[in-house]
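Using the numbering used here, the first residue of the sequence shown is number -8, and each one after it goes up by one. To keep things clear, I will list the structure first and then write my remarks on it.
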Amino acid sequence: KGPSRHGYQPCQLCFQELASCCRSLAAHPQQEVALLDRSPGCPLSSGCNVENAVYPLGNCAERAAIQKAISEGHKDFKAIVISSNLQDDFISPCGACRQVMREFGTDWAVYMTKPDGTYVVKSVQELLPASFGPDDLQKIQ
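See below:
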């Protein structure tokens, strides 16, 4: 596929990395990994879901990748590629992940994939319209 309307083209390497990078500690069959593409010259950040018997204590792959990048001093993101072993549906970020992504802008690409390599792409804005973000904190007096 050609570049998306967001001007970003995920490389085949991204999909190969997704296929082999994280070994997820998943108690459920939907294992999930994410790759975060940062500014030019920075390597990709990866993350995997870590599930817990107490669901709120688990962590999604998207947030793991973002938190890893932040811990390494990066906060300018171009795209995130999300993959799982769901066969029939594109993997979509949960509400908490969408809000965490929103903290770093609304106009970056979210690639939601299937194991066969097909994907759909949306912007963070499309996934979380009318969102509340860091700029809104400046409006509060």
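For each residue, glycine too, the CB sits at the ideal point set by N, CA and C. Values in this document were obtained by computation on a predicted structure and should not be read as measured data.
Asked, Found
"In three-state DSSP terms, what is GLY86?", "helix"
"Going by the DSSP bridge assignment, what does VAL112 pair with across the sheet?", "TYR102"
"Between the region 77 to 97 and the region 41 to 48, do at least 3 Cβ pairs fall closer than 8 Å?", "no"
"Looking at the secondary structure, which residues open and close the alpha helix (DSSP H) in which LYS59 lies?", "52 to 62"
"Is LYS130 buried or exposed, if buried means 16 or more other CB atoms sit within 10 Å of its CB?", "exposed"
"At what residues does the alpha helix (DSSP H) containing LYS130 begin and finish?", "125 to 130"
"At which residues does the beta strand (DSSP E) containing ALA44 begin and terminate?", "Counting along the chain, ALA44 falls outside any beta strand (DSSP E), and DSSP gives it neither H nor E."
"Tell me which same chain residues have a C-beta within less than 6 Å of the C-beta of GLY124, skipping the five on either side of it?", "ARG93"
"Short check: CB of LYS59 to CB of SER75, under 8 Å?", "no"
"When you compare only the Cα positions, how much space is there between ALA106 and SER122?", "The identity of residue 106 in the sequence shown is Pro, whereas the question assumes Ala. Going by the C-alpha atoms only, they are around 30 Å apart."
"Kindly give me the distance between the Cβ atoms of ILE71 and VAL111, rounded to whole angstroms, as I take these residues to be in contact under 8 Å.", "No, ILE71 and VAL111 are not in contact; Cβ-Cβ is about 13 Å, not under 8 Å."
"Decide if GLU63 is buried, meaning its Cβ has at least 16 other Cβ atoms within 10 Å, or exposed.", "exposed"
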